[in-house]
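J.:
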Amino acid sequence: MSLFRDAFWREYALVVLMTILLGAGGAAAGASALDAALGDAARGLLGEAGQYHLIVHVRQGYRAAAARELERLMAAHGPAAVLHEGVTVAGNANFFLALPPEQVRQPVLEELVARLGEVPGFNGYTWLLEPSLTVSGLRPGVQALVAREAAALAGVRLAVRHGSSVTVLLESLNHQRPVAAALKALVEGRQVAEVRWPGRGEGDPASVVAAVRAALGPEFLADVTSPDEAGETRQALAALRDWLAGLAARVQVTPGPGASPLAAGERVVLQGPAPAPPEPGQPPEPQHLIVEMAAAEDGELVGRIVHGDFPPPGAEPGNGAEGELGQGGLGAGARPAGTAFRLVDGVVGPPVGEAVLVSPRWALAAGGGPDPAAGQSWDQLVQAAREAAEQLAAVVDLLAPAAASADTGQQAQRLARALRAGDGASAVREALLGVVLTALLRAGQASGDDPGVEPAEAGHPAGGDGAGDRAGVAAQLAALHQSLTRLAEAAEGLQEAAGQGGLAAVFDIQGRLLQLRDDELTRLWQAVEGAAGGPAAGQRVELLVSGSVPAARLEQVVRQAAGEEAVVIITAAGVVAPSPRALVLELLQDVRRSVAGLGALLAAAAALVLDHATVLAALGRLGCSRRAVAAVGAGLGVLLLGGIYGLSGAAIPGAGPGVVAAAGAGLGVAVALLAERLSPVQPDEIMAGQALGLSDGQILREIVVPVGRPGLLSLVNRWRRQFR
Amino acid sequence: MLLHVDRVQKRYGPRVALAGVSLTVAPGETVVVMGPSGCGKSTLLRCINRLTDWDAGEIYFAGKPIGPMDGAAVRALRRQMGFVFQHFHLIERLTVLDNVLLGLVLGGMPRDEAEERAQAALARVHLAGEEARRPAELSGGQRQRVAIARALALDPPLMLWDEPTAALDPILVAEVLEVMEDLARSKSTGMLVVTHEVGFALRAADRVVLLEGGAVVDEGPPEQVFGRPRTALAQRYARLLAS
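For the record, the sequence lines run as chains A and B.
So in the numbering used here, spot 146 of the first sequence is number 146, and the numbers just go up one at a time.
So in the numbering used here, spot 30 of the second sequence is number 30, and the numbers just go up one at a time.
In structure tokens:
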């Protein structure tokens, strides 16, 4: 402490302190200014915290139409509801929605986002609930559970589900930490084991659940298999797969005497539309059909055409040309396809038997009954449509034929247009209603309400008196109503199975179906089977298990229960994340802290160079060893950088206190070693001061610092300097 | 005895700078130390001023050993020894007056009194009226006289001169030597002068000490040392004097 008896060194300590304070203030101010600027940008983008509840993203081209629809949606929430169009980012127009405070409730919010699908160009949404936390990556079954549990936590106002996430609105920012901790405990303490079976009927979810429950005991928490997960999408994919499978041509080969039986995966060659049958020892001709054999569910081998097309009836020459559809008791769409030759190394091999080709699409085109393997919905639709058409024809015949035909024809065209436009079941229903109304009108006319129409004149085949005709009309109308209703239901069912727009796709496929080649149809079926229809069509189960069970053990237990064929996936139950605004603000906070850290580094370096290099250089001339000067420099560096860094609230990622101290020390040592270059001192003058009996402090104050670099030290030094 | 250097030894690594040098300076006495370059003359002065520590022996000032002194005692010692450097060592940013005042004011003397004493010192070296000028504006001789005034102003019992004319061109040497001879004649202060000026030694020195290889090889009144040279070094100086 004797050092501080000299006023200079007291002031020097003051300068160090002031440097720390001013440096910290400067670094923090610079960072805050940047933070404010970025914060303004963020507010411009996201609004003030709590100002809006939801951002709706809409494709830019639909902006005006979307705005009108959103206005309509928000109008239902009263005059206090706010709709604001924000900036367009990456081709997305962003609409900011705010509900009146009393409407910020889970059912209202969830209903609002459920209706966003009606907005033209809708391309997603983002909750802006503030303050909030989001638990993402949730399986549907877990999502409902987490939503319930989160809503029950203290400090949680509500929890809304969306996508695979649950956004939790907090009562205040003070609850963020405890609720985040509680949510983390909820999801991180759990894991989900998902089991998928590749084919239909292969798995037994109930027994797997029971086996895993028995093996894990209390660590098994719940079967969270989502009913939705096993529902629409999978069923739609399965329906599409089965529908395609039903439409693709199939080949059955009856082994010939002495021929070795075919195995799954082998290929055979058929004559198909080629003028000549395959010739053993030669490569297949381009028009020959190549069929790949596969094991069917019943164990028999069934072939699929992987090259070539099954020609339309009557168009093919040669082998099998004489076979009409259904010939020989083979059933609709089936006909002999001649001798099948084994394909060996790309060359036609020996004959293996006689082939029969079954093509449901050609049976359909020819008016035959659709194949029973095709999708049930398709069956229903076709059957119902056919019945409706028959009934309609009867009604048309019954009523005034000319006018009714015209009206009904228009209605039928409307129906067809609606179906092709993919406008969904409502359009179907609307069109069918028109048909029914027309029919009823005609029925009323036929019953005598309109004297201008005489049913008897309509030439009804039943003939008879008016009462009889009316009874007949009533029966026909009842039958018509029933048929049309079934048609509508079938259409709706098909649409639900295939998802939004699926009905249009189905009808589009129907239109294109006759243009498809057999091998194309096979490839389409294989693609659906492989990409989605395979595993997706199979059964699945999701189990919620305690996080304390090691993943490897869990997988082992589940695999034992589910069998080796099952796909077992172990995942975390979910991830807790701040809200989008909090993420942005957190990012800005990181930027601010990093900028403050850089500011602290600059401030410390500037102070060392401008103020302390002079002193360090002089110390070397006042008798301090080089090592001692370096040590002083290191200490100063640690003090300055550590102090400024700490007080400014700086935090550079990866730079903990140890790193900062080391950086400060390194900086200080570097400045000490380069002090003479950074701030040259006059050794002669220092020696003169010593010879005059001046203290080190007096030498620094009167001789060294005044000619050193300008800085805080030289400024403070002026106060007590005696020689100007 | 004002100054007593007692068998002082100093090495710079393997090189011997002082090999047991002993000498004395009485109050008001002028002792001239001469010797070839590198013989340890300047090192001896720096040891006496405690600008450099020595390895063995002791130096006594006013009867007190200065080796054990530290901090404030060393600074007080230095204020009793005016030091005139070869290269002046003036503070370039200060005026002539401030250079002279520096040691006085910072030594605790009231400003008025210090200024009076500084003015007197400057007058004594014939620099009255030059107080406001800065060192860069002065000739070498003037600069050295400012340095002498700065040392004189302390009114020290002993003045140490480290080749005060070596950095001056011959024309300017005379004005400095004149000041030094005046001081020597006044006997107001003891003077230990390291110089190559044989004439000055002959005219002003009470005693001459010849140093060679870090050791005293001859010592005595100048007439004796140069008149009856006993060493080769003395003979060289005698010949120089004769020429």
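Each residue gets a CB set at the ideal place from its N, CA and C atoms; glycine is no exception.
Roughly how many whole angstroms lie between the Cα atoms of valine 94/A and histidine 53/A?
T.: Sequence check: residue 94/A is asparagine here, not valine. Spanning the two alpha carbons is a distance of roughly 13 Å.
J.: Apply the 10 Å Cβ neighbour rule to histidine 175/A and answer buried if 16 or more other Cβ atoms are within range, or exposed otherwise.
T.: The residue is buried, with at least 16 neighbouring Cβ atoms inside 10 Å.
J.: Within 8 Å (strictly less), CB to CB, does leucine 692/A reach chain B?
T.: Judged by the 8 Å Cβ criterion, leucine 692/A is in contact with chain B.
J.: Only counting runs of 3 or more residues, tell me where the beta strand (DSSP E) segments fall wholly within the region 26-93 of chain B, in order along the chain.
T.: Qualifying beta strand (DSSP E) stretches, in chain order: 30-34, 56-61 and 81-84.
J.: Checking 8 Å against the spacing of the C-beta atoms, do valine 31/B and alanine 205/B come in under that value?
T.: Going by C-beta atoms, valine 31/B is nearer than 8 Å to alanine 205/B.
J.: For the region 92-121 of chain B, which residues have a beta carbon sitting closer than 8 Å to at least one beta carbon of chain A?
T.: The region 92-121 of chain B vs chain A, Cβ under 8 Å: Glu92, Arg93, Leu94, Asp98, Leu101, Leu102, Gly103, Val105, Leu106 and Gly107.
J.: Using Cβ-Cβ distances below 7 Å, what residues of the region 123-145 of chain B are close to chain A?
T.: Per Cβ criterion, the list is empty.
J.: So, under 8 Å CB-CB, valine 33/B and leucine 211/B are touching, yes? Tell me the CB distance rounded to an integer number of Å.
T.: That pair is a contact at about 6 Å.
J.: Checking contacts by CB at 8 Å: is alanine 62/B closer than that to chain A?
T.: Chain A contact via Cβ: absent.
J.: Is alanine 167/B close to chain A, meaning its C-beta is less than 8 Å from at least one C-beta of that chain?
T.: Chain A contact via Cβ: absent.
J.: Decide if alanine 315/A is buried, meaning its Cβ has at least 16 other Cβ atoms within 10 Å, or exposed.
T.: Low local confidence applies: a pLDDT of 46 at alanine 315/A is under 50, so the model's placement there is unreliable, with the coordinate-based value given in what follows. Exposed is the call here.
J.: Would you call the CB atoms of leucine 133/A and leucine 173/A closer than 8 Å?
T.: The answer is no: Cβ separation not under 8 Å.
J.: Does the CB of alanine 76/B have a neighbour CB from chain A at under 8 Å?
T.: At least one chain A Cβ lies under 8 Å of alanine 76/B.
J.: What residue from Gly40/B, Glu197/B, Leu127/B and Arg228/B has the CA that sits closest to proline 164/B's CA?
T.: Comparing Cα positions, the closest option is Glu197/B.
J.: Within 10 Å of its beta-carbon, does glutamine 142/B have 16 or more other beta-carbons around it, so buried, or fewer, so exposed?
T.: Classification for glutamine 142/B: buried.
J.: Please check if any C-beta of chain A sits within less than 8 Å of the C-beta of leucine 44/B.
T.: No, leucine 44/B lies away from the interface with chain A (no Cβ there is under 8 Å from its Cβ).
J.: Between alanine 334/A and alanine 355/A, what straight-line distance do the alpha-carbon atoms span, to the nearest angstrom?
T.: Roughly 11 Å between the two C-alpha positions.
J.: Considering only their Cβ atoms, is the gap separating glycine 23/A from isoleucine 644/A smaller than 8 Å?
T.: Their beta carbons are under 8 Å apart, which means isoleucine 644/A touches glycine 23/A by this criterion.
J.: Using a Cβ-Cβ cut-off of 8 Å (strictly less than) and excluding sequence neighbours within five positions of glutamate 266/A, which residues of its own chain qualify?
T.: Contacts found: Glu292, Met293, Arg342 and Leu343.
J.: What are the start and end residues of the beta strand (DSSP E) that includes threonine 254/A?
T.: 250-255 is the extent of the beta strand (DSSP E) around threonine 254/A.
J.: Find out if the Cβ-Cβ distance for the pair leucine 153/A, alanine 182/A is shorter than 8 Å.
T.: For leucine 153/A and alanine 182/A, yes; Cβs fall inside 8 Å.
J.: Three or more beta-carbon pairs under 8 Å between the region 82-89 of chain B and the region 115-123 of chain B, yes or no?
T.: As far as the Cβ criterion goes, the region 82-89 of chain B does not touch the region 115-123 of chain B, which means the pair count is below three.
J.: According to DSSP, simplified to helix, strand and coil, what is tryptophan 161/B?
T.: Strand.
J.: So, is the C-beta of methionine 18/A closer than 8 Å to a C-beta in chain B?
T.: It does not; no Cβ of chain B falls within 8 Å.
J.: Flag phenylalanine 8/A as yes if its beta-carbon sits less than 8 Å from any beta-carbon of chain B, otherwise no.
T.: Judged by the 8 Å Cβ criterion, phenylalanine 8/A is not in contact with chain B.
J.: Can you tell which of Leu128/A, Ala185/A and Tyr125/A has the C-alpha that lies nearest to the C-alpha of glutamate 149/A?
T.: Per the Cα distances, Ala185/A.
J.: Name the chain A residues whose beta carbon is nearer than 8 Å to that of leucine 51/B?
T.: What leucine 51/B touches in chain A: Met687, Gln690 and Ala691.
J.: Spell out the partners DSSP gives arginine 236/B in its beta bridges.
T.: Answer is none; arginine 236/B lacks a bridge partner.
J.: Identify whether proline 107/A lies in helix, strand or coil by the three-state DSSP scheme.
T.: It is helical.
J.: For arginine 417/A, collect the residues of the same chain with a Cβ closer than 8 Å to its Cβ; drop the 5 residues on either side in sequence, then sort them by chain order.
T.: Annotation note: pLDDT 48 at arginine 417/A (below 50); position unreliable, no value reported.
J.: Of all the CB atoms in chain B, is at least one closer than 8 Å to the CB of proline 680/A?
T.: Not an interface residue.
J.: I'd like the list of long-range same chain contacts for valine 567/A, defined as Cβ closer than 6 Å, with 5 residues on each side in sequence excluded.
T.: Cβ neighbours of valine 567/A beyond the five flanking positions: Arg196.
J.: In chain order, what residues of the same chain lie with their CB nearer than 7 Å to the CB of valine 104/A, ignoring the 5 residues before and after it?
T.: Answer for valine 104/A: His53, listed in chain order.
J.: With distances taken Cα to Cα, identify the nearest neighbour of arginine 11/B among Met1/B, Ser22/B, Ala56/B and Leu51/B.
T.: Closest option to arginine 11/B, Cα to Cα, is Ala56/B.
J.: Specify the secondary structure class of glycine 227/B as computed by DSSP and reduced to three states.
T.: Helix.
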